[in-house]
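Numbering (the numbering used here), first residue to last: -18 to 468.
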């Protein structure tokens, strides 16, 4: 049965590094002796894991003749295939560590250089090669070593360019060294796909992702590819990739479904992102996607997922349904976040009194002020008991926002003197330009000319906003006002 190895570098030459990774993980070389077969998974080296499928056990001595022959002639692909074959037959067998020891016709042991290459210490490997060439004039490193070293250096340059978002450089390196782009280094393929997309060629990015999902053996990397594609490609192309993965033999349905669920949630999050708001072109989320996310969240009783659905519904103007999902989030563990969301949903529905009572009883001061401000902005005849309670709370907390809400409410009720008192409180409690504006209107409206003039003299030049405000107020002869309120 096939055994999956994950090489450290790519293409045919990098197969050597994959073999070195195996050798690095073995302890003492197992001589040509007897090995006891067993099934299961075995870690050969850090980050290298071989899945051994149950098969007919082999018994007796392990024949390493072919293994050593392939090592001597540096046929790395056949060498790695032979290692896989022997590990499948003899799971207890350890790969010999002396496969690349100095041969009788070579004065140099190349293993230390391969170790440097395997660790990604390419400059040190080059220096070591130069040193040995000087010491042994007749010696030259194997072509496999030179190819693998060059490949590692090229990949390092590609990674550096990608990290620096030098997208054209990434593409240029990949074009010069196509062997870098293969299943043995999926990370390079991801980076090239991102570069192609950033340079305005999403179809090329899709092609790279499709190659990974269609041809690469590592299921975890394929699933990660779907996740990366979900941040770059349109949803229809991502669905094509998902369909390819779903059709592959041996795909784990549960693991794939988890990825698909994450992709769908990502669509909701993208539709609410600051970038989408700023551009004004929000990604469209289909009803099917939303329903699928809801079902997934319900099945897992996922509080974070419920919050995502709720806020998405709020963005879509469906505050009533959002309230339901905020309740679910509360019940599934997001108690404060769900409660605060529910208060906002109630406020958005115009149920400001209910929202205010809920916030007050829960000790959520900011939300209490928000909901009461919304109620006072909509109702000049708000329930007296609630207004009195709000005023008492504002005085206890010295809350400037609450004081301004009360000031504008009294202003709309044509009670400028009381409004002025609340704006004066707001200014004393840290209110800014809005408190000054409200106080000025209250003083002017209640005929307190001397105090108005003193206020103007003190604050007119404090900011451009106040300079403009007082200039326009004098020009218009005064008037009422207040902050814009939600209808």
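From the three backbone atoms N, C-alpha and C, an ideal C-beta is built for every residue, glycine too.
Excluding residues up to 5 positions away in sequence, 277 lie with their Cβ nearer than 6 Å to the Cβ of residue 242 in the same chain. Beta-carbon to beta-carbon, residue 126 and residue 91 are separated by about 7 Å, close enough to satisfy the 8 Å threshold.
Scanning 431, 409, 429 and 405 for the CA closest to the CA of residue 419 turns up 405. For residue 391, the enclosing alpha helix (DSSP H) has its first and last residue at 381 to 393.
Note on the region 157 to 200: whole alpha helix (DSSP H) runs with a minimum of 4 residues are 167 to 179 and 183 to 196, in chain order. Rounded to the nearest angstrom, the gap between the Cα atoms of residue 353 and residue 327 is 12 Å. Per the coordinates, the alpha-carbon of residue 375 lies some 43 Å from the alpha-carbon of residue 265. Annotation for residue 234: the continuous alpha helix (DSSP H) segment containing it runs 234 to 252. For the pair residue 189 and residue 203, the CB atoms are not nearer than the 9 Å cut-off. Put simply, of 135, 357 and 254 the residue whose alpha carbon is nearest the alpha carbon of residue 157 is 135. In the DSSP assignment, residue 406 falls within the unbroken alpha helix (DSSP H) covering 397 to 409. The straight-line gap separating the alpha-carbon atoms of residue 397 and residue 416 is approximately 14 Å. Non-local beta-carbon contacts of residue 97 in its own chain, meaning distances under 8 Å to residues more than five positions away in sequence, involve 103, 105, 106 and 109 in chain order.
The three-state reading of DSSP puts residue 145 in coil, since its state is none of H, G, I, E or B. Judged by beta-carbon spacing, residue 211 lies within the 9 Å limit of residue 248, meaning their Cβ atoms are closer than that value. Using a 10 angstroms sphere on the CB of residue 224, the tally of other CB atoms stays under 16, which defines it as exposed. Spatial neighbours of residue 275 in its own chain (CB-CB distance under 7 Å, excluding positions within 5 residues in sequence) are listed in chain order as 290. With 16 or more other Cβ atoms from the protein chains shown falling within 10 Å of its own Cβ, residue 437 counts as buried.
In the displayed model, residue 154 falls within a helix according to three-state DSSP. Counted as a single uninterrupted DSSP element, the alpha helix (DSSP H) harbouring residue 445 occupies residues 445 to 457. Contact between residue 80 and residue 52 holds, since their C-beta atoms are separated by about 4 Å, short of 8 Å. For residue 349, the uninterrupted alpha helix (DSSP H) segment begins and ends at 346 to 359. Judged by DSSP in its simplified three-state form, residue 259 adopts helix.
For residue 332, the three-state secondary structure derived from DSSP is coil. Taken atom to atom, the span from the alpha-carbon of residue 439 to that of residue 336 is near 39 Å. Between residue 428 and residue 400, the beta carbon gap of about 13 Å keeps them out of contact (Cβ cut-off 8 Å). Taken through DSSP and simplified to helix, strand or coil, residue 282 comes out as coil. Segment contact: the region 340 to 351 against the region 379 to 392, three or more CB-CB distances shorter than 8 Å; contact assigned. In the displayed model, residue 427 falls within coil according to three-state DSSP, outside both helix and strand. Exposure of residue 430 is indicated by the presence of fewer than 16 other C-beta atoms within 10 angstroms of its C-beta.
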